[in-house]
Amino acid sequence: MPPAQADLLGDALVTPKSYAPDPRNVRNRLKEILALMRASERWPWEPEMIALYRERVIPYFCEKLPKSEARRFRAEFEAEAARLDAAA
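Those letters in the sequence shown? Residues 1 to 88, per my numbering, in order.
This is the structure in structure tokens:
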């Protein structure tokens with residue numbers, strides 16, 4: 001995060017706000033992803049998107065949730081990924 005900087009109209013320092021996603025939105029998105037995977041006989045995405053979901057999307061969403069909940073979502077995702085990998 002960039003350092004605090006002086007306000008344009010005064011001398012007060014302004015600290016930029018960081019973004020924190022709403023955990024409800026994170027849960028909903030993870031549930032949508034899992035539902036799509038469960039409804040599919042084969043991977044519903046191209047290989048590049050599969051890699052993106054595995055390497056970036058799922059880990060990012062899971063780090064925004066409490067640890068026990070994140071572990072559960074990761075386990076569910078990995079179980080579905082294993083099923084879809086076997087079907088490929």
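Using N, Cα and C, we set each Cβ at its ideal position, and we do this for glycine too.
Same chain, Cβ closer than 7 Å to residue i, five either side skipped, listed in chain order
i     : result
Pro23 : Lys64, Leu65
Arg29 : Phe61
Arg42 : Leu84, Ala87, Ala88
Cβ neighbour criterion (16 or more within 10 Å) applied to residue i
i     : result
Val14 : exposed
Met49 : exposed
Best match in the options for proximity to residue i [C-alpha to C-alpha]
i     : options                    : result
Phe73 : Leu52, Trp45, Ile58        : Ile58
Arg54 : Lys67, Glu80, Ser40, Glu41 : Glu80
Lys31 : Glu69, Asp85, Ala87        : Glu69
Ala71 : Ala35, Pro44, Arg38, Arg27 : Strictly speaking, residue 71 in this sequence is Arg, with Ala absent from that position. Nearest option by C-alpha distance: Arg27.
Three-way DSSP call (helix, strand, coil) for residue i in this model
i     : result
Leu13 : strand
Ser68 : helix
Arg42 : coil
Asp22 : coil
Ala88 : coil
Close Cβ partners of residue i (< 6 Å) along its chain, the five nearest in sequence each way excluded
i     : result
Phe77 : Ile58
Residues near residue i by beta carbon distance below 8 Å, same chain, minus five either side
i     : result
Ala20 : Lys64
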